[in-house]
Each structure stands twice: as structure tokens, then as C-alpha cells.
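Below you'll find the structure, written out as C-alpha cells, and then a few comments.
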Amino acid sequence: MSSEGTSTPDDGAERFAASLDGSADVAPGGDPDLEREVELARRLGALGGALDPDPQAREQVRQRLLAALAREDDDPADGPPRAS
């Protein structure tokens, strides 16, 4: 439970989402961290697929990730499987 004037992580996420989709403006001189995050998200969004790796690089990363996950599953020292 949050006290008045204190934001929770969910409040911050909601403010970020509202600022990003334009339903709430980021006021100049307001929260500088929020302003920076919104600007970064907008710039990354504008780049779109230009940052996506080519299909071959994506498949290599996918294979490495699957191999790493398989090694984790085989390690009994990790304890019981975690719930998703």
C-alpha cells in the first residue's frame, strides 16, 4: 500500500505507458527520468525493425539460449524446476 505522494512501481509503469501513448503529457521540468525514458522509447520505436538482427544471427542466438536452458535443466544442483 502506498502513502499519498509516494508512487509504487505500478504507478510508475502506468505513468510511463500513458506518457508513451500520448494519453498523458510529460511536462517539461517534471520527472527527468520519465522524460528520458519516454524519449528513448520513442526513438527506439521510430527505428523499428532497423535494429532487428538478420535471421541467421537471430537463429544463432536462439540456439545458444536453448542450449543454455537445456544445461540448466540438466543441473540437479539448481533444485526443483521453477514455476513460470
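Using full-length UniProt numbering, read the sequence shown as starting at 1 and increasing by one per residue. Where a beta carbon is used, it is the ideal one built from N, C-alpha and C, also for glycine. Just so we're clear, the structure is a prediction, and the values are computed from it rather than from any experiment.
Integer Cβ distance of residue i from residue j, believed to fall under 8 Å
{"i": "Leu34", "j": "Phe16", "result": "6 Å"}
{"i": "Ala46", "j": "Leu20", "result": "That pair is no contact at about 12 Å."}
Residue range of the unbroken alpha helix (DSSP H) whose run includes residue i
{"i": "Ala50", "result": "That residue, Ala50, is in no alpha helix (DSSP H); it is neither H nor E in DSSP."}
{"i": "Ala67", "result": "Pro55 to Asp74"}
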